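Numbering (this note's numbering), first residue to last: 92 to 420.
Single-structure report; data block below.
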């Protein structure tokens with residue numbers, strides 16, 4: 092069986108996904124953060140993100156297995172999105188392998204559960220929003236896309252920067268006012284349910300929202316970016332550079348694509364910009380860096396299918412090497 096970098100089959104992309112999953116699992120470092128004995132004022136429950144860190148510290152093996160299952164599901168969702176809607180000029184499952192190497196490389200093998208849960212939620216959200224481009228109503232897709240996005244700030248406060256992607260999807264995909272109401276319910280439901288549970292256990296109903304928003308206050312701009320090791324800086328810069336080039340190629344051939352493909356790629360370009368902007372804020376965390384794996388996996392094949400095969404192979408090999416270096420170091 093011939094292996095083509097550009098025209099990857101489902102089996103070939105799945106092998107790459109599993110290879111990087113195994114490498115990350117073997118070299119991975121699980122978190123050791125435990126839930127504090129005394130909760131902040133007004134909180135009767137720890138935020139779900141702190142609970143995940145607690146579970147990861149107590150059960151590292153189980154956490155790694157769960158993280159890798161979510162990782163595989165997110166990769167399959169991303170690959171299925173690009174093939175189902177025929178985004179590229181060439182049929183390929185390349186997005187799966189790109190997601191695998193970028194997600195594993197940017198996570199650096201650390202805190203796998205928190206990082207990959209966020210990446211999976213973001214992948215599921217983008218997939219559902221992209222699937223809302225239908226004739227008629229797309230209530231299920233809109234609700235699920237907003238719901239997954241609404242869970243993310245509970246796990247990582249900095250992900251609240253992504254909530255504006257809900258109105259972006261509604262406007263870009265030309266959804267109706269009824270679907271906008273459904274999206275609003277979906278994005279608010281996770282926070283409202285958690286706030287209600289916190290209140291039911293003698294906490295303050297407003298406390299979860301307060302502590303999520305408080306993470307954005309104060310100093311700490313650029314802290315996450317400046318604290319990155321050199322090898323992760325190189326991988327992140329390389330991925331962003333390729334994404335910019337892919338976006339330029341997409342813009343140059345804007346009208347040669349179907350309307351659905353254009354809207355999906357525009358959505359992922361905007362999402363990339365929002366994620367990068369979020370990394371500069373005080374609420375940013377290392378887990379948010381991994382979110383770029385979702386958007387770049389959708390954007391980069393636009394570049395790979397348009398350049399000569401030799402250059403595509405070189406770029407692909409460089410991505411593989413940089414990702415493996417970040418996982419092992």
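Virtual Cβ for every residue (Gly too), placed ideally from N, Cα, C.
Being a predicted model, the structure only gives us computed values, none of them experimental.
Out of 222, 390, 238, 386, the CA that lies nearest to the CA of residue 284 is found in 238. The count of Cβ pairs closer than 8 Å, one atom from the region 205–213 and one from the region 231–247, reaches three, so the stretches are in contact.
In the three-state scheme derived from DSSP, where H, G and I count as helix and E and B as strand, residue 402 is classed as helix. Burial is judged here by how many other beta carbons sit within 10 angstroms of a residue's own beta carbon; residue 354 has at least 16 and is buried. Rounded to whole angstroms, residue 235 and residue 356 show a C-alpha spacing of 20 Å. Cβ-Cβ distances below 7 Å link residue 240 to 216, 253, 254, 256, 257, 278 in the same chain, with the five nearest sequence neighbours on each side left out; the list follows chain order. By the neighbour-count criterion, in which 16 or more other beta carbons inside 10 Å mark a residue as buried, residue 243 falls on the buried side.
Here the C-alpha atom of residue 411 lies approximately 6 Å from the C-alpha atom of residue 192. Excluding the 5 residues flanking it on each side, residue 313 has same chain C-beta neighbours closer than 7 Å at 371, in chain order. Separation of the CB atoms of residue 394 and residue 342 is rounded to 12 Å, and the pair is thereby denied contact status at 8 Å.
By the beta-carbon neighbour count (other beta carbons within 10 angstroms, threshold 16), residue 308 is exposed.
Its chain contains 155, 159 as the residues whose beta carbon lies nearer than 7 Å to that of residue 116, once the 5 sequence neighbours on both sides are disregarded; these appear in chain order.
Residue state for residue 99 is assigned as coil, using DSSP reduced to three classes.
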